[in-house]
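These notes are about the structure you will find just below.
In the working numbering, the protein residues as written are -12 to 348.
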């Protein structure tokens, strides 16, 4: 049964557990002359089978160029994951990763990927730079120092380490409020309900932080999300996974022109520089405390960080990201067209951007 109501632009739905569904879609695409290439956004958990191996049923049959974006890149994958990834790389015409460190890892672990890998960063939405004042008034957060984290909640998010970091900060800056934005991940909710959120809430009460920590248990639409980001003084990226290749939440925060404190995961180590934020050791509350006290000690420097974060992320705008994908796919499509019949018809064709499995969660 569907767990998500897809918008009208989604033309096909695939049962992630049905190899036949994947094969049938490939056959449909093969016959469609309007499609000269496929962009596949890859994550191991959404395509069904062992480490998402069911996507191979699509890739083996699809005759159009397939560009695969690998969102998870591990330096020491389990043998089964490494095997599936190697097959994906072999079948793909191009591989896209989102950071330079991911490119280095892919080419080291999978030498056969050399010449196939391109770096295109995670995209951000266009927005005008603004200070926090107007957004704080709209959210009734005026006269507060706003810290925030957003995203689907689940163990591994690391929120507990931020909460434990707050008492010493609040002692010096009593107007601090920490906003935890986002509902519990649906997979987590099915397995353990709201246990993690309840544990966090109990921790807040035990530490006497109820006036300084606020949960927003909902999935925020983009306008609402950006409203909170624009009200934020410091965004905190909390991942406890050092191998996390990329974080959309970190990208959005920087793109909104906000200084950040981030744990040392792969993307953060590459893009969070001292002029826009601070890196902290994973699962180290004292390091978070020190970073917060550092950034809050100079409001003027913090304002400069906001402006610098905004300026440094303009290349990440979705328009630039889209151009990168279009250029890469057209390059591969042209190579494909040369090797096929009906060249004139295919050269004028459009390409497919994405297809989405039925069960995303």
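All C-beta atoms, glycine included, are put in the ideal place defined by N, C-alpha and C.
query	result
Can you list, in chain order, the residues of its chain with a C-beta nearer than 6 Å to that of residue -6? Leave out the 5 residues immediately preceding and following it.	none
Please decide whether residue 91 counts as near chain C, where near means a Cβ-Cβ distance under 8 Å.	No chain C is part of this structure, which consists of one protein chain only.
Please state the DSSP three-state secondary structure of residue -2.	coil
Let's test the definition: count the other Cβ atoms within 10 Å of the Cβ of residue 217 and tell me whether it reaches 16, buried, or not, exposed.	buried
Which ranges does the beta strand (DSSP E) cover as unbroken runs of at least 3 residues, wholly within the stretch 168 to 249, from first to last along the chain?	200 to 203 and 221 to 224
In whole angstroms, give me the CA-to-CA distance for residue 1 and residue 82.	22 Å
Leaving out five residues before and five after residue 17 in sequence, what residues of the same chain have Cβ atoms less than 6 Å from its Cβ?	50
In whole angstroms, what separates the C-alpha of residue 292 from that of residue 279?	14 Å
Could you give the distance in angstroms between the alpha-carbon of residue 78 and the alpha-carbon of residue 219?	44 Å
For a quick check, are the C-beta atoms of residue 116 and residue 244 less than 8 Å apart?	yes
What are the residues that DSSP puts in a beta bridge with residue 56?	28 and 83
Grouping DSSP H, G and I as helix and E and B as strand, with all else coil, what is residue 132?	strand
Counting pairs of Cβ atoms below 8 Å between the stretch 225 to 237 and the stretch 249 to 260, do you hit three or more?	yes
So is residue 144 buried or exposed if we call it buried at 16+ other beta carbons inside 10 Å?	buried
By the three-class DSSP mapping on this structure, what secondary structure does residue 110 have?	coil
Taking residue 108 as the reference, give the member of 301, 318 and 317 with the closest Cα.	301
Whole-angstrom Cβ separation of residue 184 and residue 204, contact assumed at under 8 Å?	7 Å
Within 10 Å of its beta-carbon, does residue 4 have 16 or more other beta-carbons around it, so buried, or fewer, so exposed?	exposed
Looking only at C-alpha atoms, which of 285, 150, 277 and 146 sits nearest to residue 226?	146
Would you check if the distance between the CB atom of residue 248 and the CB atom of residue 200 is smaller than 8 Å?	no
Between the Cα of residue 166 and those of 142, 112, 187 and 304, spot the shortest distance and give me the residue it belongs to.	187
Taking the C-alpha atoms as reference points, what is the distance between residue 168 and residue 238?	16 Å
Kindly confirm or deny that the stretch 32 to 44 and the stretch 8 to 15 touch, where touching means at least three C-beta pairs closer than 8 Å.	yes
So residue 272 and residue 148 are in contact, right, with Cβ under 8 Å, and what is the actual spacing, rounded?	5 Å
Would you mind working out which of 56, 55, 54 and 72 sits nearest residue 62, comparing C-alpha positions?	72
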